[in-house]
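S.K.: If you want my numbering, it's the 1-based position in the sequence shown plus 9. Ideal Cβ positions, reconstructed from N, Cα and C, are used throughout, including at glycine. Sending over a structure as structure tokens; questions will come in a sec.
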Amino acid sequence: MAAAPAPAAPDLTPSRPVYDGGLGELYAIYLRHVVLMVLTLGWSRFWGRTRLRRYVWNHLSILGDRFEYRGRGRELLIGFLLAVVLLAAWAGLMWLAWIHVFHEKPFATFGMFDLFSLSVAVIGFPLAYVGHYAGLRYKLSRTRWRGIRCGMAGSAWHYGVVATFLHFANAMTGLLLTPVVSVNLARPRISNARLGTLPLAFAGSAGDIYGRFLGYYFLNIVAWIVAIVAAFAIVGGTAEELGITSEEFLALFTEPSLRTVLVAVALAVGVYLVFSLLILPLRCWWQAYWFRYLVSHSRAGNVLFATAITTRQMWGFLVLNYLIIVVTLGLGWPWVMHRTLRLIAAELWLYGAPDGASIGQPADRGPGFGEGLLDMFDVSGV
């Protein structure tokens, strides 16, 4: 009897994404978007956001094939209008509670606006996670690669409940549950993502990263203590050099002047430099490690992912992006997006290629409207 042929070795040919967008072209779209926003009092932002996404998607390719973005501005507009209607209905409900339940005066200094603001703050925290998941599902449902629609399974409501509970538990334990939170929120976002009928998979475990996290956690505490002591030393040294006593220093902020502003700016710069030198490198070290772990433990069928991003690269990326946004008062956002895509294209590696013959179109076409409160309530597919 002839021996069965050995299974063929998987194709692990390495490749990288390619981003060939131009910063000038991206800025031309963005500046047009900003001008139209001003002229239309903000109502053109839905179409502007769609044009930006279409440009970015169409200039990012994997294995020689570009992504396509099929979202429409009117879908975002309808989602926004539905969000306004729902907020108005909630305000009406709060008004009825104010009149018939609280009889207009629950507390001496508590008003109707305070009640509405408090209710929005309470429900807004969990709904932020619901909206994040639902928004990701909308964008994936409007994304195509090689003509195949992407998608997102799972419930945004379930994700929101889990995320709220995990973040509350993490806060109660002094952030010691951060690995549990990170892994358990990354898993549904990755494992529920689809390329057609091909699901992604995530094999991460909080136990894998807990040892390194504990080292980062306690080093972070030490760095904070050193930074605070150094900040006080800078404040005291600056005040002493300027000949300012403690009473005069307090008076500076009760009677603001040009000198107060200059002193405040000098102190802020000093404290920021101390923070940057002692805290940010440590955080960038952890962020780089977490990103490498996240990528290396994800896969799409027989396609594996890897990255070797370093702490230095993460430092340069995060700090420069922050400075770009602050210095340009937000107008540097296209530059930040451009740098992000270039970093992904340079540092992300793919090993293998998906089996196109085994991938079909998904039955679910995704939500009908985009990124409003309707998406937050996870009923946008109805």
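Output yes or no for whether 8 Å exceeds the beta carbon distance between Thr182 and Pro135.
M.R.: No, they are not a contact pair.
S.K.: Under 8 Å between the Cβ atoms of Pro371 and Arg198?
M.R.: Their beta carbons are not under 8 Å apart, which means Pro371 does not touch Arg198 by this criterion.
S.K.: How far does the alpha helix (DSSP H) with Gly160 in it extend, from its first residue to its last?
M.R.: Premise fails: Gly160 lies in the beta strand (DSSP E), Ile157 to Met161, not in any alpha helix (DSSP H).
S.K.: Per DSSP, what are the beta-bridge partners of Trp1 in this structure?
M.R.: Lying outside 10 to 391, the shown extent of the chain, residue 1 is not represented and no answer is given.
S.K.: Spell out the partners DSSP gives Val27 in its beta bridges.
M.R.: Per DSSP, Ser70.
S.K.: Please classify Ile71: is it buried, with 16 or more other beta-carbons within 10 angstroms of its beta-carbon, or exposed?
M.R.: It counts as buried.
S.K.: Assuming contact is defined by CB atoms lying nearer than 8 Å, are Ala315 and Trp344 in contact in what I supplied?
M.R.: No, Cβ-Cβ distance for Ala315 and Trp344 is not below 8 Å.
S.K.: What residues in its chain sit with their C-beta under 6 Å from that of Ala165, if we drop five residues either side in the sequence?
M.R.: Val139, Tyr142, Ala143 and Asp387.
S.K.: My guess is that Gly213 and Val192 are in contact by the Cβ rule of under 8 Å, so how many angstroms apart are they, rounded?
M.R.: Between Val192 and Gly213 the Cβ distance is about 5 Å, and since that is below 8 Å, they are a contact.
S.K.: Taking the continuous beta strand (DSSP E) assigned at Phe211, which residues delimit it?
M.R.: Taken as a continuous stretch (DSSP letters only), the beta strand (DSSP E) holding Phe211 covers Leu207 to Phe211.
S.K.: Let me check understanding here. Comparing Cα to Cα, which of Arg292, Gly375 and Tyr168 lies closest to Phe222?
M.R.: That would be Arg292, whose Cα lies nearest to the Cα of Phe222.
S.K.: With H, G and I counted as helix, E and B as strand and the rest as coil, what does DSSP make of Ala202?
M.R.: It is a strand residue.
S.K.: Rounded to whole angstroms, what's the CA-CA distance from Tyr28 to Met103? Just pull it up for me.
M.R.: Roughly 49 Å between the two C-alpha positions.
S.K.: For the structure I just gave you, are there three or more beta carbon pairs, one from the region 82 to 93 and one from the region 62 to 69, closer than 8 Å?
M.R.: Result no; under three Cβ-Cβ pairs closer than 8 Å.
S.K.: Within the same chain, show all residues whose beta-carbon is closer than 8 Å to that of Ala297, passing over the 5 residues directly before and after it, in chain order.
M.R.: Cβ within range, chain order: Ile318, Thr319, Thr320, Gln322 and Met323.
S.K.: Over the uninterrupted alpha helix (DSSP H) stretch that includes Trp52, give me the two end residues.
M.R.: From DSSP, Trp52 is part of no alpha helix (DSSP H); its letter is neither H nor E.
S.K.: Straight-line CA distance for Thr206 to Ala100?
M.R.: Distance between the alpha carbons of Thr206 and Ala100 is about 42 Å.
S.K.: Three or more C-beta pairs under 8 Å: does that hold for the region 155 to 163 against the region 125 to 133?
M.R.: Because the criterion of three Cβ pairs below 8 Å is not met, the region 155 to 163 and the region 125 to 133 do not touch.
S.K.: Alpha carbons only, please: which of Tyr39, Arg25 and Trp294 is nearest the one belonging to Gly339?
M.R.: Nearest C-alpha to Gly339: Tyr39.
S.K.: Give the DSSP-derived three-state secondary structure of Thr173 in the structure shown.
M.R.: Residue state, collapsed to three classes: helix.
S.K.: Report yes if the CB atom of Leu21 is closer than 8 Å to the CB atom of Gly361, and no otherwise.
M.R.: Yes, these two residues count as a Cβ contact at 8 Å.
S.K.: By how many angstroms is the C-alpha of His347 removed from the C-alpha of Leu32?
M.R.: The straight-line gap from Cα to Cα measures roughly 6 Å.
S.K.: Starting from Leu186, follow the alpha helix (DSSP H) in both directions and report where the run begins and ends.
M.R.: Unbroken run through Leu186: none, as it is neither H nor E.
S.K.: Start and end of the beta strand (DSSP E) containing Phe314?
M.R.: Val312 to Thr316 is the span of the beta strand (DSSP E), which, as asked, contains Phe314.
S.K.: Which residue or residues does DSSP assign as beta-bridge partners of Ser307?
M.R.: Bridge partners of Ser307: Phe211.
S.K.: Look at Arg58 and Leu85 and say whether their C-beta atoms are less than 8 Å apart.
M.R.: In this structure, Leu85 lies closer than 8 Å to Arg58 by Cβ.
S.K.: Would you check if the distance between the CB atom of Arg151 and the CB atom of Arg79 is smaller than 8 Å?
M.R.: Contact: yes.
S.K.: DSSP on Leu359, reduced to helix/strand/coil?
M.R.: It is a strand residue.
S.K.: Could you give the DSSP three-state label for Gly379: helix, strand or coil?
M.R.: Gly379 falls in the coil class under three-state DSSP.
S.K.: Give a yes or no on whether the C-beta atoms belonging to Ala354 and Arg83 are separated by under 8 Å.
M.R.: Against a cut-off of 8 Å, the Cβ pair of Arg83 and Ala354 comes out as no contact.
S.K.: I'd like to know whether the C-beta atoms of Leu459 and Ser307 end up nearer to each other than 8 Å.
M.R.: Absent from the model: residue 459. The displayed extent of the chain is 10 to 391, so no value can be given.
S.K.: Compare the Cα-Cα distances from Asp364 to each of Leu289, Ile334 and Arg155 and report the closest residue.
M.R.: Checking every option, the nearest Cα to that of Asp364 belongs to Arg155.
S.K.: Using only CA atoms, which one of Leu332, Leu350 and Leu185 lies nearest to Val278?
M.R.: Nearest option by C-alpha distance: Leu332.
S.K.: Drop a sphere of 10 angstroms on the beta-carbon of Ile157, count the other beta-carbons inside from all chains shown, and report buried for 16 or more, exposed for fewer.
M.R.: Label assigned to Ile157: buried.
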